[in-house]
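I have placed the structure first, in the form of structure tokens, so that the comments after it can refer back to it.
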Amino acid sequence: MRACERCGKNFQTGNIVSHSNRKIKRKSFPNIHYARIKISSAHKRMRLCTKCLRIVKGASGKKKDQKTKEKIIETPQTLQIPA
146 MRACERCGKN
156 FQTGNIVSHS
166 NRKIKRKSFP
176 NIHYARIKIS
186 SAHKRMRLCT
196 KCLRIVKGAS
206 GKKKDQKTKE
216 KIIETPQTLQ
226 IPA
């Protein structure tokens, strides 16, 4: 089954509507990925949606962009411009 093991996100149903207004049932599936996650010193392979995958990676410190360095705001005091 294509479902997220963390949040339980599953398929959604809807209609494909043609120009003549005929309706055909369709399913829309979530974006599921397999991820290897460390849980209490053991690795487990889980199916996660992309939202949960981002949450789990953010919690473990495996962020794609390491923008945690603080930016120095350049003010006249930090630039030490001679008057």
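When you read off a place in the sequence shown, starting at 1, and then add 145, the result is the number in this note's numbering.
Where is the CB? At the ideal position from N, CA and C, for every residue including glycine.
Next on the checklist: Quick check on A187: does DSSP put it in helix, strand or coil?
Outcome noted: What you label residue 187 is simply residue 42 of the sequence shown in a count that begins at 1. Note: A187 maps to strand in three-state DSSP.
Item to check | Beta-carbon proximity of I169 to C194, cut-off 8 Å | outcome: Here residue 169 is taken as the residue at index 24 of the sequence shown, counted from 1. Here residue 194 is taken as the residue at index 49 of the sequence shown, counted from 1. No, Cβ-Cβ distance for I169 and C194 is not below 8 Å.
Checklist entry - If you run the structure through DSSP and keep just helix, strand and coil, what is C194? => result In the sequence shown, counting from the first residue as 1, residue 194 sits at position 49. Three-state DSSP puts C194 in a strand.
Checklist entry - Taking 8 Å as the CB-CB cut-off, is M191 touching chain B? => result In the structure shown, chain B does not exist; there is a single protein chain.
Checklist entry - So, is K183 buried or exposed, given that buried needs 16 or more other C-beta atoms within 10 angstroms? => result Looking up residue 183 in the sequence shown gives position 38. With fewer than 16 Cβ atoms within 10 Å of its Cβ, K183 is classed as exposed.
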